[in-house]
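Letter by letter, the sequence shown follows residues 1 to 410 in our numbering. Where is the CB? At the ideal position from N, CA and C, for every residue including glycine. Predicted model, so just to flag it, every value in this text is computed and none were measured. Worksheet: the structure to be examined is printed underneath.
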Amino acid sequence: GRSTGFIQRQRAFDGASFAQTLVFGWMGDPAASLMQLSQAAANVEVGVSRQAIDQRFDERAAAFMKSVLQAALQVSMEGAPVEVDLLQRFSGVYLLDSTCISLPPNLQTVWPGCGGSQGASACLKVSVLWEVLCGGLSQVDLLAGHTHDQRAAGAQRALPAGALRVADLGYFKLRDFKRMDQAGVYWLTGYKNGTVLYQDGHRIDVLAQVQAQTAAQVDWRVAVGVRDRLPARLLARRVAAAVLARRQARLAEWERKKQCRASPQTWALLAWDIFLTNVPPARLSADEAFTLAHYRWQIELLFKLWKNEGLIDEWRTENPWRILCEIYAKLLALLLDHWLMLLAQWPDAARSLTRAVATIRQFAWQLARDLNLVRGLRATVQHIAACLQRCRTDKSSASPRAFQRFVALT
1 GRSTGFIQRQ
11 RAFDGASFAQ
21 TLVFGWMGDP
31 AASLMQLSQA
41 AANVEVGVSR
51 QAIDQRFDER
61 AAAFMKSVLQ
71 AALQVSMEGA
81 PVEVDLLQRF
91 SGVYLLDSTC
101 ISLPPNLQTV
111 WPGCGGSQGA
121 SACLKVSVLW
131 EVLCGGLSQV
141 DLLAGHTHDQ
151 RAAGAQRALP
161 AGALRVADLG
171 YFKLRDFKRM
181 DQAGVYWLTG
191 YKNGTVLYQD
201 GHRIDVLAQV
211 QAQTAAQVDW
221 RVAVGVRDRL
231 PARLLARRVA
241 AAVLARRQAR
251 LAEWERKKQC
261 RASPQTWALL
271 AWDIFLTNVP
281 PARLSADEAF
291 TLAHYRWQIE
301 LLFKLWKNEG
311 LIDEWRTENP
321 WRILCEIYAK
331 LLALLLDHWL
341 MLLAQWPDAA
351 RSLTRAVATI
361 RQFAWQLARD
371 LNLVRGLRAT
381 VQHIAACLQR
391 CRTDKSSASP
401 RAFQRFVALT
């Protein structure tokens, strides 16, 4: 706190109690008011009014909360491996993606956005590399909204040999695939329209080739790229009519908003799921590859959890520094939630993160009280862990959950 200028003298409501008040106050209720935050402070035996809390929200407070968050993000924590054979075939399974938080224009100098008619002038991008075999958040980067996904540290991070990286087209870069190939790392990605592929030395028209197939699914050996010609597999499967209809509706909406037309090839490709991977068939069948490719949506669900339950993109103030304090504190609370889930429930593939967060919320003030009491904190964590083991996802016959899809492959 002193390095950021936030703590200038000793006081009852110091940096530690300020951070605890915000983190555990918003952990217990992400929509907590200043009055509720003052009650959270009283919970840790700090008597402070809501006006006094409000007065602390300045640029130094935001820098302090950011420094606390960045320190916490350096902590490496993982759970026991999830009990899924498909995931355990790799030394790690890494999902990579990012989410954006639009900010008021007066924060443009802190977190500049993309600007323009469609982009926010101020935006915070949170890039996440999530290792889902043992659950750890391997890399979380806070970036300006205009930063390209491929420039995030998580996108450049060297992964252990035998690991698998699954990422969307925002991270499609042949140079990275070549680097991972050489390091013994596997990759699985969607096919990017226009990527040059070769089969038996001849350049192929991917759309024409898959459309000519009578089979509903293909698995071909190909070479990727004009120069590097990386050896890979192309996997293609027709999508269900309902899925196709949803994709067509989204693309039509995109055309309407952008006031432009997608190419006929883009429209035709909507009928297919097409992926590229360097994982050999002996290690990963086509059906298993499709299951893992769709498992990438787990990171989208993580972001949905952070926004819908953690409310990282909602606040009840126009003070820009309070907004940043709130975002950083809520991310810290969600990080603590994640650590508790790793300790208690990660090996269970049917775990429900949403239900776990709701359960932990009930213990927020108790965690804050016990934070400096080793014995009390241990007992509270054990109590939370017992509850989290019962936070499981319901089965669905209409839309099978991820854990059901894994079971179906065994």
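State yes or no: is the C-beta of residue i within less than 7 Å of the C-beta of residue j?
{"i": "L270", "j": "Q298", "result": "no"}
{"i": "W187", "j": "R165", "result": "yes"}
{"i": "Y171", "j": "L124", "result": "no"}
{"i": "E131", "j": "G92", "result": "yes"}
{"i": "A402", "j": "Y295", "result": "yes"}
{"i": "F275", "j": "G190", "result": "yes"}
{"i": "D228", "j": "L174", "result": "yes"}
{"i": "D273", "j": "V239", "result": "yes"}
{"i": "A262", "j": "L251", "result": "yes"}
{"i": "L37", "j": "I53", "result": "yes"}
{"i": "A153", "j": "Q139", "result": "yes"}
{"i": "T393", "j": "A349", "result": "no"}
Expressed to the nearest angstrom, what Euclidean distance is found between the alpha-carbon atoms of residue i and residue j?
{"i": "S121", "j": "I323", "result": "16 Å"}
{"i": "E288", "j": "T109", "result": "45 Å"}
{"i": "G135", "j": "Q259", "result": "41 Å"}
{"i": "L230", "j": "Q213", "result": "24 Å"}
{"i": "K178", "j": "T291", "result": "24 Å"}
{"i": "S397", "j": "P264", "result": "35 Å"}
{"i": "Q51", "j": "L34", "result": "8 Å"}
{"i": "R233", "j": "A62", "result": "48 Å"}
{"i": "W315", "j": "L367", "result": "24 Å"}
{"i": "D58", "j": "W321", "result": "5 Å"}
{"i": "A286", "j": "A40", "result": "52 Å"}
{"i": "S117", "j": "K192", "result": "Low local confidence applies: a pLDDT of 46 at S117 is under 50, so the model's placement there is unreliable, with the coordinate-based value given in what follows. In a straight line, the C-alpha of S117 is about 26 Å away from that of K192."}
{"i": "A163", "j": "R56", "result": "45 Å"}
{"i": "H383", "j": "L137", "result": "24 Å"}
{"i": "C391", "j": "P104", "result": "36 Å"}
{"i": "F363", "j": "A356", "result": "11 Å"}
{"i": "N278", "j": "P112", "result": "37 Å"}
{"i": "L409", "j": "A268", "result": "29 Å"}
{"i": "L284", "j": "Q217", "result": "15 Å"}
{"i": "W339", "j": "L371", "result": "15 Å"}
{"i": "S411", "j": "G28", "result": "Because the chain here runs from 1 to 410, residue 411 falls outside it and cannot be looked at."}
{"i": "L331", "j": "E309", "result": "11 Å"}
{"i": "R221", "j": "Q199", "result": "7 Å"}
{"i": "I327", "j": "G15", "result": "17 Å"}
{"i": "L107", "j": "T317", "result": "14 Å"}
{"i": "A32", "j": "S399", "result": "35 Å"}
{"i": "Q182", "j": "R151", "result": "20 Å"}
{"i": "L22", "j": "L377", "result": "19 Å"}
{"i": "T147", "j": "C114", "result": "8 Å"}
Using CA coordinates, which residue listed in the options is at the minimum distance from residue i?
{"i": "V126", "options": "R361, A144, H338, Q345", "result": "A144"}
{"i": "P347", "options": "A62, M65, A167, E83", "result": "E83"}
{"i": "A293", "options": "L87, R250, A333, Y198", "result": "L87"}
{"i": "L343", "options": "A385, E326, L332, L377", "result": "A385"}
{"i": "D313", "options": "A183, W26, I101", "result": "I101"}
{"i": "Q451", "options": "A268, R390, L335", "result": "The structure shown does not extend to residue 451, since the chain spans only 1 to 410, so no value can be given for it."}
{"i": "Q389", "options": "R378, R375, T359", "result": "T359"}
{"i": "L142", "options": "A402, Q199, A71", "result": "A71"}
{"i": "L129", "options": "H146, T99, L69, L107", "result": "T99"}
{"i": "A333", "options": "R361, Q345, A349, N319", "result": "R361"}
{"i": "T207", "options": "R237, A245, D200", "result": "Reading off the sequence, residue 207 comes out as Leu, not Thr. Nearest of R237, A245, D200 to L207, Cα basis: R237."}
{"i": "R89", "options": "V68, L133, H146", "result": "L133"}
With H, G and I counted as helix, E and B as strand and the rest as coil, what does DSSP make of residue i?
{"i": "P30", "result": "coil"}
{"i": "G99", "result": "First, the residue type needs correcting, since residue 99 is Thr and not Gly in the sequence shown. Reduced to three states, the DSSP call for T99 is strand."}
{"i": "P112", "result": "strand"}
{"i": "S67", "result": "helix"}
{"i": "V357", "result": "helix"}
{"i": "L188", "result": "strand"}
{"i": "T277", "result": "strand"}
{"i": "S117", "result": "Residue confidence for S117 is low, a pLDDT of 46 falling below 50, so the modelled location carries little weight; the figure read from the coordinates is stated next. If DSSP states are grouped into helix, strand and coil, S117 belongs with coil."}
{"i": "S17", "result": "helix"}
{"i": "D313", "result": "coil"}
{"i": "D219", "result": "strand"}
{"i": "D394", "result": "coil"}
{"i": "Q404", "result": "helix"}
{"i": "R322", "result": "helix"}
{"i": "R227", "result": "coil"}
{"i": "E78", "result": "coil"}
{"i": "C260", "result": "coil"}
{"i": "H338", "result": "helix"}
Hey, residue i and residue j are a contact pair by Cβ (cut 8 Å); roughly how many whole angstroms apart?
{"i": "V46", "j": "F13", "result": "6 Å"}
{"i": "A329", "j": "M65", "result": "6 Å"}
{"i": "R203", "j": "V210", "result": "No, R203 and V210 are not in contact; Cβ-Cβ is about 15 Å, not under 8 Å."}
{"i": "L305", "j": "T354", "result": "6 Å"}
{"i": "D219", "j": "L244", "result": "Rounded, the Cβ-Cβ distance is 21 Å, inconsistent with contact."}
Please confirm whether any heavy atom of the ligand COA lies closer than 6 Å to the CB of residue i.
{"i": "P105", "result": "Absence of the ligand COA from the depicted structure is noted, as is the absence of any ligand whatsoever, leaving it without description."}
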